[in-house]
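Written out below as structure tokens is the structure these notes cover.
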Amino acid sequence: MTELKLPSIDYAALAPILIMLGTALLGVLVEAFVPRRRRHLVQLSLALLAVLAALVMVILNADDRLLTAGGAIAVDGPTLFLQGAILVLAAMALLLIGERSVERGGAFVAQAAVTAESADDRRQAEGSNGATEVYPLTSFAIGGMLIFVAANDLLTMFIALEVFSLPLYLLCALARRRRLLSQEAAMKYFMLGAYASAFFLFGVALVYGFTSGIPGRSAGVDFATVHAAVTESPASEVLLFGGMALIAIGLLFKAAAAPFHVWTPDVYQGAPTPVTGFMAACTKVAAFGALLRVFHVAFSGAAWDFTPVLGAVAVLTMLVGAVLAVTQTDIKRLLAYSSIANAGYLLVGVLAPSKDGLAGTMFYLVAYGFSVLAAFAVVTLVRDADGEATHLSRWAGLGRRSPFFAAIFTFLLLAFAGIPLTSGFMSKFAVFAPALDADQAWLVVAGVLTSMVLAFPYLRVVVMMWLSEPGDSTPTVTVPGGLTSAALMIGVLATLVLGVVPGPLLDLANGAAEFVR
Amino acid sequence: MSNFPFLSVLTVAPLVGALVVAVLPRRRPELAKQVAFGWSLLVLALAVVMWVAFKVDGDRLQFRESYSWIPQWDARFTFAADGIALVMLMLIAVLVPLVILASWHDAEASKRSVPTYFALLLVLECTMIGVFAAADVFLFYVFFEVMLVPMYFLIGSYGGHQRQYAAVKFFLYSLVGGLFMLAAVIGLWVVGGKTFDWQALTQVDISTGTERWLFLGFFLAFAIKAPFFPFHTWLPDAGGAAPAGAAALLVGVLDKVGTFGILRYCLPLFPEASKWFAPWALALGVIGIIYAALLAVGQNDLKRLVSYTSIAHFGFIGVGIFAFTTQAGTGAVLYMLNHGLATGLLFLVVGMLVARRGSALISDFGGAGKLVPLLAGVLFFAGLASLALPGTAPFVSEFLVLIGTFTVNKPVAVISTLGIILAAAYVLWMVQRTTQGTLNPALAEIEPMRRDLNLREKAVVAPLIALIVLLGFYPKPVTDVINPAVQATMQDVGKTDPAPEVGGVVQEAAK
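For the record, the sequence lines run as chains A and B. Read in my numbering, the first sequence has 427 at position 321, and its numbers run on one by one without any break. Read in my numbering, the second sequence has 242 at position 233, and its numbers run on one by one without any break.
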């Protein structure tokens, strides 16, 4: 009998992941044993502390460049950079999730199982405290994302995908108000997400088949084997292309790229706004982290084959996002389509196969995450008696009623539109320049053209807020509690600072922009 | 004294002033106005010192400063000014205090925050100065785009009829041009060895095809900004809706960024492409001169009329630039200055008329000269300056453009001359219908129409009139500054002036 050899595990390198998943489990216990009235405080501080601790571990690990857990996890520059990004953005999202002073009881429903629109449901909407299960769920999701960007084989990646997706499906269903919309969003997200996962898994199987038959190597789905197979495998390339396409579908679904984007507006609209912000910022980082690793590490040998296809997807994504954003009348849907268009710009960065391209994409992810979280933080504040007033017509004249928040939102919209002195402009430059350097001029031209289209819906909101007279139905802006203010300020300041002095973060991204195999 | 960081201080100073004005309490609008006015005078003083410190026979780019900004992309805070930029900086510094003085009561009519209006004017001044002072392509682009934001709010929040539509149209048109330029800026960065330094980029050899595409990217942005026919349709809307002071800055300075950009960026960076596209640019210029002048004749709105006259004048500037002779080039730059003075004056005076009448429609006036003789007289003078009457500054520049063009391209010069006749038509007809003839009885009943220029308004128009007359008779101080810069630009394009055929008469006339 052959001796089983245990893989060596570098626990320090895995610490951020272990901390988040451990905290999530601890959170479940807190739900069981801590009295109801104390849970909110305990859970929130537990989750925030865990994120902080994980962030500290990421910083301590900053110089690690290694494979661990039998080659299943790669802790390298991009992993650490993206894990850090996810943790910082998740901390902001947790602040929004934990806010309870803007709406009595918080943004989450007390009991998700109560029939929507029933008398019980209306009663609980009136102020019973929201469910605290959201914190362990969020911690699980963060933990899954941390694995997702570090996964060094396709199976680990699949597990991580499920670990962070399942909590997100649940979180989407937990909005306090507009329960039907929220449940519908969760259902849609779950069904389509399950399909996408199935595609991904089938793709993994095809790639596994493709890697068999390399002389002197056993079949496998770790990226080193896949990379070797792309150049050496005698198997039919149909397996490779099929597998690559199916895996890409699974990842592009999470990244909200067209034509796999249809869930995005519904889910962004229906989910509780703090969760929408969390998805727009952190899920995007995780999905693009995985895309970068899969296409730069595993399939880099086939760049000649996938670049035109992914390029077409990028152009389509930008077009769909920009054109459909023009027709939106709901601020959350507008931001959803803008997020789709941004996925297109990010793909431009993914397709620039250079260190600069990788660094630019990572810079973009961070910059966009800060802005989009701040934008959704403002959305949580504009409300009337029925909760958030998300219809655009209701924002008319907001600049007169609350100039401060309207100014902040205007600044964020200018950042989305890519006006200089905001991080939006710097990040566009950071992905377009390497793309042009890699002779992908057509992608840059498409990016520039769609940016023009996309400027219009943003500008329309600015016009609404400042140039229209306030009407009777103009909602007021609730004075935010400390948590939302903190998240909002961090987001806005980051948008400004990254727009004026992007150097330090670019430096960090450049230093991190090298994968290990 | 020459080591003093003139350009960065000049750029930052208005921004600091804007912050100061913005935090002043809303309840004390008078204080905000006084602070803004005082601040703009300080900027003017600094600009005058800089003008004196500029060495006419010195380097092409002077007052150079360079600070690190984004080392990864080699984007730097590099400021430097040549003669052309210096003249434009001076124009800004002169116009802004006058505009603030002229806009004293404009913001109150809008029921919006008065300090914000003046803060926006100062922010606009900061970005305008930055755009002319930048010698780093990335920095230039940043100012070029950011400039839109204060102007957008000036038009959109404080403008008149149709202000929302005009503001959005202005923003989107400019943004479209700007984004094309962004693509070209990135392209230039890639082919230019990943630097944004203007001087380094002028030394780069670019393949013909790439050069033409990059030229188009820049040219389109500048042609929209200037604006040249057929990219001009935003200007009458924006100029018509903007408050008079902002409109004066819009056509007086903001639009010059387009022609300045062509001189500073298109010609030296893409000389071959500039020559290749020159016939097309000349054609656009000539069409603009005639077409906009014809449209101006038909306008019934004073502010829109002045906007159309500007488009015609930009046609002249375009012709002057792309004729590629030193006289025409000098004329074009001089035109940029004189047009800023003359049209700025015209817009401000029209603004005073419109504020009194409460309407910008020409048909609402008639015989106004009987009520406000001084104001009518100033309007007449501004109109004459605008049609380039000899003795006023624009005549010198228009004449230089035509004469410089005639030596190399007779048909263009001849057709352009028709523009002068049309200019006489729209100006004189406008003056006649508003201030001459029988008094419109409705006009006499409007109380403000019986008040002629007050001291503040006299203080606004007097310096401009003085400058227009002075430069009309003695343009040498300005041409001395402009000439070396234009000559250097023409050398970049590789064009030399044709030898005069008739014993140097033409050249003498130009001097």
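Even glycine gets a Cβ: it sits at the ideal position worked out from N, Cα and C.
Chain-ordered neighbours of residue i on chain A, where CB pairs are closer than 7 Å
i	result
F180(B)	L565
W198(B)	A539
L188(B)	V554, S557, M558
Q173(B)	V569, L573
L191(B)	V554
L184(B)	M558, A561
Local Cβ density within 10 Å of residue i, reported as buried at 16 or more and exposed below that
i	result
G512(B)	Unreliable positioning characterises G512(B) in this predicted model, as indicated by a pLDDT of 47, which lies under 50. A coordinate reading is not provided.
A519(B)	Its pLDDT being 47, under 50, A519(B) is placed unreliably by the model, and the measurement read from it follows with that caveat. It is buried - the Cβ of A519(B) has at least 16 other Cβ atoms within 10 Å.
S329(B)	Looking at the sequence shown, residue 329(B) is not Ser but Gly. Buried: at least 16 other Cβ atoms inside 10 Å.
T352(B)	buried
H114(B)	exposed
V266(B)	buried
L614(A)	buried
M297(A)	exposed
H497(A)	exposed
H170(B)	exposed
L120(A)	buried
E517(B)	For E517(B), the predicted structure reports a pLDDT of 48, less than 50, and the residue's modelled location is therefore unreliable. A value from the coordinates is still provided. Exposed, because fewer than 16 other Cβ atoms sit within 10 Å of the Cβ of E517(B).
V514(B)	Note that V514(B) scores 47 on pLDDT, short of 50, meaning its location in the model is unreliable; the coordinates nonetheless yield the value given after this. V514(B) is exposed by the Cβ-count criterion.
G617(A)	exposed
K203(B)	exposed
Q212(B)	exposed
Proximal residues of chain A, C-beta to C-beta of residue i below 9 Å
i	result
S119(B)	The premise fails here: S119(B) is roughly 11 Å from chain A at the closest Cβ pair, so nothing lies under 9 Å.
Where the beta strand (DSSP E) through residue i begins and ends
i	result
S406(B)	It is not in any beta strand (DSSP E) - S406(B) instead sits in the alpha helix (DSSP H) that spans 402-415.
I79(B)	71-79
T174(A)	172-174
R489(A)	488-490
I179(A)	179-181
Listed by chain order, chain B residues near residue i by CB distance under 7 Å
i	result
L421(A)	This sequence places Val at residue 421(A); Leu is not what is there. Per Cβ cutoff of 7 Å: no residues; V421(A) is ~15 Å from chain B at best.
G609(A)	I79, P80, Q81
F562(A)	L181
Unbroken alpha helix (DSSP H) run spanning residue i, endpoints
i	result
I93(B)	92-111
T52(B)	In the sequence on display, residue 52(B) carries Val and not Thr. Element bounds for V52(B): 38-62.
A32(B)	It is Val, not Ala, that sits at residue 32(B) in the sequence shown. 15-32 is the extent of the alpha helix (DSSP H) around V32(B).
T584(A)	That residue, T584(A), is in no alpha helix (DSSP H); it is neither H nor E in DSSP.
F333(B)	That residue, F333(B), is in no alpha helix (DSSP H); it is neither H nor E in DSSP.
Q500(B)	485-502
Y435(B)	419-444
W410(A)	409-432
Contact set between residue i and chain A, taken where Cβ atoms lie within less than 8 Å
i	result
V155(B)	I525, P526, L527
Y150(B)	P526
G165(B)	V569, W572, L573
I195(B)	F535, F538, A539, L542, V550
Presumed contact (8 Å Cβ cut-off) between residue i and residue j, rounded CB distance
i	j	result
L393(B)	T401(B)	6 Å
R85(B)	Y76(B)	6 Å
L350(B)	I477(B)	5 Å
A321(B)	A302(B)	4 Å
V136(A)	L152(A)	7 Å
V336(A)	L346(A)	7 Å
R500(A)	P581(A)	6 Å
F15(B)	M59(B)	5 Å
Closer than 9 Å at the beta carbon, the chain B residues around residue i
i	result
L520(A)	V158
G128(A)	Result: empty, since nearest Cβ-Cβ is about 38 Å, beyond 9 Å.
L612(A)	I79, P80, Q81, W82
Per-residue contacts from residue i into chain B (C-beta, under 8 Å)
i	result
N448(A)	What N448(A) touches in chain B: nothing, since even the nearest Cβ is about 16 Å away.
N258(A)	Neighbours of N258(A) on chain B: none; closest Cβ ~28 Å, over 8 Å.
Distance cut-off 7 Å: residue i Cβ against heavy atoms of the ligand FAD
i	result
A561(A)	The model on display carries no ligand, and the ligand FAD is accordingly not part of it.
Below 8 Å, how does it come out for the segment 211-225 of chain B and the segment 91-102 of chain B: are there three or more Cβ pairs, yes or no?
no
Below 8 Å, how does it come out for the segment 216-229 of chain A and the segment 121-130 of chain A: are there three or more Cβ pairs, yes or no?
Here the segment 216-229 of chain A makes no contact with the segment 121-130 of chain A; the two share fewer than three CB pairs at distances below 8 Å.
Three or more C-beta pairs below 8 Å linking the segment 468-483 of chain B and the segment 395-414 of chain B
yes
With a cut-off of 8 Å, do at least 3 Cβ pairs link the segment 588-605 of chain A to the segment 513-531 of chain A?
Contact between the segment 588-605 of chain A and the segment 513-531 of chain A is present: three or more C-beta pairs spanning the two stretches fall below 8 Å.
Answer yes if the segment 374-388 of chain B comes into contact with the segment 417-427 of chain B, meaning at least three C-beta pairs across the two stretches below 8 Å, and no otherwise.
no
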